[in-house]
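Asks:
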Amino acid sequence: MTLRSSSVSTSEVFTKRPGALLIGLAILGATSCATGRYSDSSYEGSGRSLTSNDSTETGSSSSSESLDDITLGLMDADGADESTPRTLEPMVAGRKTALAFPTGDKRTSAVLLEKEMPAEVILGAPFEYRIMVENLTDRALDTVRVTDQIPASLAVSSTEPKADVAGGYATWNLGVLPARSTKTLVVRAQASSAGAVATCASVAYESSLCSTTTVVSPSLQVALSAPEVGLACDAFDLTVSVTNSGTGDARDVVVIDELPEGLTTLTGQRRIEMEFGTLAGAQTKEKSVKVKAAGQGSYTHNARAEAKGGLQASAASIQTVLRAPILTLDMSATEKVTAGRPIETVLTVANTGNAVSDKTTVQVKLPQGAKVESSTEGARATSTFVKWDVGALEPGEKRTFNLGLTSNMSGSVVTEATAAGYCADEVTATARSEVRGLPALLLEVRDESDLIIVGEPVSYVIEITNQGSAPDLNIGINCQVEDGIEIVSAGGDAQATVTGKEIQFTQIPSLAPGEMVSLRVTVKSTKELNSRFLVSLTSDDMTRPVTETESTRFVQ
Numbered sequence: 001m002t003l004r005s006s007s008v009s010t011s012e013v014f015t016k017r018p019g020a021l022l023i024g025l026a027i028l029g030a031t032s033c034a035t036g037r038y039s040d041s042s043y044e045g046s047g048r049s050l051t052s053n054d055s056t057e058t059g060s061s062s063s064s065e066s067l068d069d070i071t072l073g074l075m076d077a078d079g080a081d082e083s084t085p086r087t088l089e090p091m092v093a094g095r096k097t098a099l100a101f102p103t104g105d106k107r108t109s110a111v112l113l114e115k116e117m118p119a120e121v122i123l124g125a126p127f128e129y130r131i132m133v134e135n136l137t138d139r140a141l142d143t144v145r146v147t148d149q150i151p152a153s154l155a156v157s158s159t160e161p162k163a164d165v166a167g168g169y170a171t172w173n174l175g176v177l178p179a180r181s182t183k184t185l186v187v188r189a190q191a192s193s194a195g196a197v198a199t200c201a202s203v204a205y206e207s208s209l210c211s212t213t214t215v216v217s218p219s220l221q222v223a224l225s226a227p228e229v230g231l232a233c234d235a236f237d238l239t240v241s242v243t244n245s246g247t248g249d250a251r252d253v254v255v256i257d258e259l260p261e262g263l264t265t266l267t268g269q270r271r272i273e274m275e276f277g278t279l280a281g282a283q284t285k286e287k288s289v290k291v292k293a294a295g296q297g298s299y300t301h302n303a304r305a306e307a308k309g310g311l312q313a314s315a316a317s318i319q320t321v322l323r324a325p326i327l328t329l330d331m332s333a334t335e336k337v338t339a340g341r342p343i344e345t346v347l348t349v350a351n352t353g354n355a356v357s358d359k360t361t362v363q364v365k366l367p368q369g370a371k372v373e374s375s376t377e378g379a380r381a382t383s384t385f386v387k388w389d390v391g392a393l394e395p396g397e398k399r400t401f402n403l404g405l406t407s408n409m410s411g412s413v414v415t416e417a418t419a420a421g422y423c424a425d426e427v428t429a430t431a432r433s434e435v436r437g438l439p440a441l442l443l444e445v446r447d448e449s450d451l452i453i454v455g456e457p458v459s460y461v462i463e464i465t466n467q468g469s470a471p472d473l474n475i476g477i478n479c480q481v482e483d484g485i486e487i488v489s490a491g492g493d494a495q496a497t498v499t500g501k502e503i504q505f506t507q508i509p510s511l512a513p514g515e516m517v518s519l520r521v522t523v524k525s526t527k528e529l530n531s532r533f534l535v536s537l538t539s540d541d542m543t544r545p546v547t548e549t550e551s552t553r554f555v556q
């Protein structure tokens, strides 16, 4: 592919330089042109001085023709024209020449190389020209190198920045050219001969694609915390703290704690697994779980942390000592007592454990029929129990309480008591007393009327009631009437035998406390008199007879 312009002639040939842009300029009023071959990102070109008589295939121009009118055509590599010439961007404009690399279009190229040079200079007089290299991309270009070909007729006095001038070339190794930045190069020189002097600049660079990966080193630290001392009945918090003390994320962090024998979660599990997810560098997370103990003792445990990538860490062992109060209750009572007399009861509660028993209470259940006669101060009594609120009972401490009970019921009387406290198992105690009861028989006799007509019957009602606290046995009833009285009938709760003026009832085997029997005797008088009806009672408890007399008057 060949670059072509109107009214041009070549003055100098430029060799092929890979990866470079070539820009040719002419001075001293001559118009410069360049023909070039573009292959594999490079140009090969030649240039020559022009006069007003020179012409080309596309027309002619005078020596005063403006650079604005120069048009570059495209040719193939062997010099043949393409079917349709096209324009490279950007073009020569005024005293500046510019070329965008690699497409020729500034919009789609990486580098714009511009050259600014006087239209003419005086032979032997100093002058300067400038080369501007611009990064058109949003990315830095590496190893940027600009080369300007210096003809033999041009003597370079200085460059800015300093270039490496050797072998007819001035070379600037600019290194990195930041994105969207421009670097200006200045050449100061003198022309040593008249005529066209052409200098051609080229640019080469490397465009790097870089990627970065960050090397991180996460590291786990795990710690356990729990109360050093506690009560065996209380669940307590086991807290796990995990820290990523390294850099980068620790992923899928899990902490595993195998609880020692006797410790479990509230759901009965001994193995605890806590998921912490992802921990960023220097991040710490905490989680807690409630655990409980089967009893008092010392519990030692630890935990380990694991994370993706084989990360592991172990926690230092911790120890928790769990204590408990232990209550004892001793109780004594009067072994033998007569009914109605006090049963003296003594209760002693003690804490033999290694922890305080808070909210301690002592309670006595009253036996059936028993009544409270006396108690140690602070007791709360009801019809069914007596209770003391002891409060805090320190290890080794004991308290004593007294209670006086009475019972009118004979037999064995059992008194039960309990002691309880916070975190202490309830304890019970009993005391047995033998209550000796006493029978107390009441004998009552009455007639249905105190004034009876001779010959008419009258009945006597006999009632025996046990008002005592024990049964009476073998109760016998005997009745006697006076002369002039006839026995009509006898009966009731016992059978009767009549012998003359005497009535003997069969023995009543037992009469319990509160129980009553009723007997009836019917008589009549044969004459007018004021009679006496005599009743006598004996029993196992009453060996001497108890008598009762009822008076009845019989009239005509």
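Sequential numbering of the sequence shown, starting at 1, is according to the UniProt record's numbering. Backbone N, C-alpha and C define an ideal beta-carbon position, used for all residues, glycine too.
Taking C-alpha atoms, which residue in G411, A155, P260 and T348 lies nearest to A370?
Replies: Closest option to A370, Cα to Cα, is G411.
Asks: So is S518 buried or exposed if we call it buried at 16+ other beta carbons inside 10 Å?
Replies: Under this definition S518 is an exposed residue.
Asks: Pull the bridge partners of A170 from the DSSP assignment, please.
Replies: According to DSSP, A170 bridges with D148 and V165.
Asks: Look at the Cβ atom of residue 559, then the Cβ atom of E448, and state whether they are nearer than 9 Å.
Replies: With the chain running from 1 to 556 in the structure shown, residue 559 is simply not present.
Asks: Please determine, among A232, A282 and R270, the residue with the shortest C-alpha to C-alpha distance to V242.
Replies: It is A282.
Asks: Given a cut-off of 9 Å on the beta-carbon distance, is the pair Y299 and D358 in contact?
Replies: No, the pair does not count as a contact, with Cβ atoms beyond the cut-off.
Asks: If you scan the segment 403 to 438 from start to end, which runs of the alpha helix (DSSP H) of 4 or more residues do you find wholly inside it?
Replies: Fully enclosed alpha helix (DSSP H) runs of 4 or longer: not present.
Asks: Tell me, which residues are paired with E553 by DSSP?
Replies: In the sequence under discussion, the amino acid at residue 553 is Arg, which differs from the Glu named in the question. R553 is bridged to L451 and N530.
Asks: Would you report the Cα separation of V521 and I508, rounded to the nearest angstrom?
Replies: V521 and I508: Cα-Cα distance of roughly 17 Å.
Asks: Measuring alpha carbon to alpha carbon, tell me which residue in E486, V454, E502 and T506 is nearest N474.
Replies: Out of E486, V454, E502 and T506, T506 has the C-alpha closest to the C-alpha of N474.
Asks: Among M409, G353 and E416, which has the Cα closest to the Cα of E394?
Replies: Comparing Cα positions, the closest option is G353.
Asks: List the endpoints of the continuous beta strand (DSSP E) containing N351.
Replies: Element bounds for N351: P342 to N351.
Asks: Work out the CA separation of S211 and D81 for me, nearest whole Å.
Replies: Note that D81 has pLDDT 38, beneath the 50 cutoff, so the model's placement of it is unreliable and no number is given.
Asks: With a threshold of 16 other CB atoms inside 10 Å of the CB of T184, please say whether the residue is buried or exposed.
Replies: Classification for T184: exposed.
Asks: Assuming the contact rule is C-beta atoms closer than 8 Å, V349 and L322 should be a hit. Round their C-beta distance to whole Å, please.
Replies: Going by Cβ atoms, the distance from V349 to L322 rounds to 23 Å, so no, they are not a contact pair.
Asks: Can you list the beta strand (DSSP E) stretches of 3 or more residues lying completely in the segment 262 to 308, in chain order?
Replies: Fully enclosed beta strand (DSSP E) runs of 3 or longer: 263 to 265, 271 to 279, 284 to 293, 297 to 301 and 304 to 307.
Asks: Which same chain residues, not among the five before or five after A189, have their C-beta less than 8 Å away from its C-beta?
Replies: Cβ neighbours of A189 beyond the five flanking positions: P126, F127, E128, Y129, I150, L154, A155, V156 and S157.
Asks: Could you give the distance in angstroms between the alpha-carbon of V364 and the alpha-carbon of A339?
Replies: Each residue's alpha carbon lies about 20 Å from the other.
Asks: Is there contact between the segment 161 to 175 and the segment 216 to 223, where contact requires at least three CB pairs shorter than 8 Å?
Replies: Too few Cβ pairs lie closer than 8 Å, so no.
Asks: Within 8 Å: the Cβ of A440 and any heavy atom of the ligand ATP?
Replies: Within the structure as shown, the ligand ATP is missing, as the structure has no ligands at all.
Asks: Can you tell me whether DSSP reads R251 as helix, strand or coil?
Replies: Note: R251 maps to strand in three-state DSSP.
Asks: DSSP on T320, reduced to helix/strand/coil?
Replies: Strand.
Asks: Is it right to say K527 is buried, meaning 16 or more other beta carbons lie within 10 angstroms of its own, or is it exposed?
Replies: Burial call: exposed.
Asks: Are the Cβ atoms of K292 and D237 separated by less than 9 Å?
Replies: It is not a contact, given that the beta carbons lie outside the stated cut-off.
Asks: How many angstroms separate the CA atom of S433 from the CA atom of F533?
Replies: Cα to Cα, S433 sits roughly 45 Å from F533.
Asks: Would DSSP call T108 helix, strand or coil?
Replies: Note: T108 maps to helix in three-state DSSP.
Asks: Determine the direct distance from the alpha carbon of A379 to that of S510, and round the result to whole angstroms.
Replies: Rounded to whole angstroms, S510 to A379 spans 41 Å at the Cα level.
Asks: Look up M542 in the DSSP assignment and say whether it is helix, strand or coil.
Replies: M542: coil per DSSP, three-state reduction.
Asks: Between the alpha carbons of L263 and A226, how many angstroms are there, rounded?
Replies: L263 and A226: Cα-Cα distance of roughly 13 Å.
Asks: Find the nearest neighbour of S525 within the set V337, T543, C200 and K501, judged by alpha-carbon distance.
Replies: Among V337, T543, C200 and K501, the Cα nearest to that of S525 is on K501.
Asks: So who's on the other strand from D389, going by DSSP bridges?
Replies: Beta-bridge pairing links D389 to T361.
Asks: Using 8 Å as the threshold, is the segment 396 to 408 in touch with the segment 307 to 324, meaning 3 or more CB pairs across them?
Replies: Output reads no: the segment 307 to 324 does not touch the segment 396 to 408.
Asks: CA-CA distance, M409 and V346?
Replies: So the alpha carbons of these two residues sit roughly 21 Å apart.
Asks: Let's see if you can read the secondary structure: which residues bound the beta strand (DSSP E) around Q190?
Replies: Element bounds for Q190: T182 to A191.
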